[in-house]
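J.: Numbered as in our numbering, the sequence shown ends at 254 without a single skipped number.
Cβ coordinates follow ideal geometry from the N, Cα and C atoms, glycine included.
Sending over a structure as structure tokens; questions will come in a sec.
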Amino acid sequence: MGRLDSKVALITGGESGIGLATARLFVAEGARVHLAGLREDLLAAAADELGTAAASWSVTDVTEEDEVIAALAQVTDRFGGLDVLFSNAGVSGPIVPITEFPTDEFRRVLDVHILGAFLMLKHGLPVLRDGGSVIITSSIVGLTSNSGISGYATAKHGQVGLMRTVAKEAAARGIRVNTIHPGPTDTDFQRDIEIRATGAAADQAARLFDAMIPMGRHASPAEIARSVLYLASDDSSFVTGTTLSVDGGMII
Ligand SMILES: NC(=O)c1ccc[n+]([C@@H]2O[C@H](COP(=O)([O-])OP(=O)(O)OC[C@H]3O[C@@H](n4cnc5c(N)ncnc54)[C@H](O)[C@@H]3O)[C@@H](O)[C@H]2O)c1
């Protein structure tokens with residue numbers, strides 16, 4: 003028995019990093035998954051790896067309402083419904099003081115994280131089965147912040163407000179809505195942030211970040227995926243409206 007037997011999940015940003023690690027775990031636990039993302043080659047390769055019986059995919063920009071609606075229609079046509087919505091797509095944006103932060107890039111970072119999650123929830127809730135689960139990937143900087151990341155941290159905080167609101171709206175249907183807050187996790191996305199934030203080469207930048215984490219290391223994408231699985235499955239059947247930090251003790 004898998005913990006997601008007969009469940010259907012849609013994962014945004016499912017072609018890489020945390021999204022792909024979660025797709026692998028969900029399929030291993032019995033789910034069928036739809037990967038919605040930007041990079042066609044990676045989406046096709048991921049679906050191929052997961053197997054055509056278990057996975058489908060679409061090139062979907064989460065900031066484009068018609069593309070979000072089309073991806074949701076594709077999932078329900080192919081798999082007959084939807085039980086888990088993992089809103090995970092993200093971009094990091096510039097790391098500069100607010101006085102130098104390009105306004106169009108600020109807008110873009112907010113669009114991907116906040117408008118993207120909003121559109122997924124707005125159009126996903128009507129097709130999500132009662133008793134379903136929504137998980138939004140925020141970040142530790144959705145609960146605290148650092149200099150230079152006004153766009154990313156504002157977006158990640160904004161997702162918490164969206165989550166809390168929709169958790170109340172969806173509770174009567176038994177649908178749970180939570181945010182997950184990873185600390186530094188070993189993906190290309192995070193390596194790029196660390197190089198830009200420190201000005202050091204990748205290995206040294208990673209060690210500088212390790213030194214800020216009480217457990218002394220980055221998370222693996224698979225470790226984050228296991229916490230997403232907890233929120234997606236009946237193991238968390240009475241958990242809604244929460245912010246789950248998975249950060250090796252960074253926020254204590
Ligand atoms: N890696 C970390 O340390 C870390 C820590 C905290 C939070 N996060 C968050 O985790 C999530 C996944 O990040 P990751 O580390 O796996 O990096 P990643 O770059 O592998 O994943 C991000 C994914 O989002 C997709 N994406 C970006 N813009 C999109 C759009 N407009 N529409 C659809 N898809 C889009 C990308 O194609 C990519 O597949 C992000 O929301 C990120 O902010 C990551």
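Which of helix, strand or coil does DSSP assign to threonine 54?
T.: Here residue 54 refers to the residue found at position 52 when the sequence shown is read from its first residue. Threonine 54: coil per DSSP, three-state reduction.
J.: How long is the line joining the alpha carbons of methionine 3 and glutamate 31, rounded to whole angstroms?
T.: Numbered from its first residue, the sequence shown carries residue 3 at position 1. Numbered from its first residue, the sequence shown carries residue 31 at position 29. Distance between the alpha carbons of methionine 3 and glutamate 31 is about 8 Å.
J.: Is histidine 183 helix, strand or coil by DSSP?
T.: One-based indexing of the sequence shown puts residue 183 at position 181. Strand.
J.: Where do the N-terminal and C-terminal ends of the beta strand (DSSP E) with aspartate 205 fall, by residue?
T.: The residue given as residue 205 occupies position 203 in the sequence shown. No beta strand (DSSP E) holds aspartate 205; the alpha helix (DSSP H) holding it covers 204-212.
J.: Quick one: what does DSSP say alanine 33 is sitting in, helix, strand or coil?
T.: Here residue 33 refers to the residue found at position 31 of the sequence shown. Coil.
J.: Can you check DSSP and say which residues form a bridge with arginine 110?
T.: As a working mapping, residue 110 is identified with position 108 in the sequence shown. According to DSSP, which records beta bridges pairwise, arginine 110 is partnered with nothing at all.
J.: Would you report the Cα separation of aspartate 237 and alanine 38, rounded to the nearest angstrom?
T.: The sequence position of residue 237 within the sequence shown is 235, counting from 1. The sequence position of residue 38 within the sequence shown is 36, counting from 1. Taking the straight line joining both Cα atoms gives about 25 Å.
J.: When DSSP labels each residue in this structure, what does alanine 1 get in the three-state scheme?
T.: This structure cannot speak to residue 1, because the chain is shown only from 3 to 254.
J.: Between which two residues does the beta strand (DSSP E) containing leucine 87 stretch?
T.: As a working mapping, residue 87 is identified with position 85 in the sequence shown. From DSSP, the beta strand (DSSP E) with leucine 87 extends over 84-89.
J.: Report buried or exposed for proline 223, applying the criterion of at least 16 other Cβ atoms within 10 angstroms of its Cβ.
T.: Along the sequence shown, one-based indexing puts residue 223 at 221. Proline 223 is buried by the Cβ-count criterion.
J.: Please report the residue range of the alpha helix (DSSP H) in which isoleucine 197 lies.
T.: For the purposes of this step, residue 197 is identified with residue 195 of the sequence shown, where counting begins at 1. Where isoleucine 197 is concerned, the enclosing alpha helix (DSSP H) stretches over 190-200.
J.: Taking histidine 125 as the reference, give the member of Val64, His36, Arg209 with the closest Cα.
T.: On the sequence shown, position 123 is the one that residue 125 refers to. Considering only alpha carbons, the answer is Val64.
J.: Less than 6 Å separating the Cβ of glycine 144 from some heavy atom of ligand 1?
T.: Here residue 144 refers to the residue found at position 142 of the sequence shown. The answer is no for glycine 144.
J.: Which same chain residues end up closer than 6 Å to histidine 159 when comparing Cβ atoms and leaving out the 5 residues on each side of it in sequence?
T.: In the sequence shown, the residue the question calls residue 159 occupies position 157. Answer for histidine 159: Gly144, listed in chain order.
J.: Sort Asp85, Ala199, Gly153 by Cα distance to valine 93 and report the nearest one.
T.: Residue 93 sits at position 91 when you count from the first residue of the sequence shown. Here the closest residue by C-alpha is Gly153.
J.: Does ligand 1 have a heavy atom nearer than 6 Å to the CB of valine 114?
T.: The residue you call residue 114 lines up with position 112 of the sequence shown. Valine 114: yes, Cβ under 6 Å from ligand 1.
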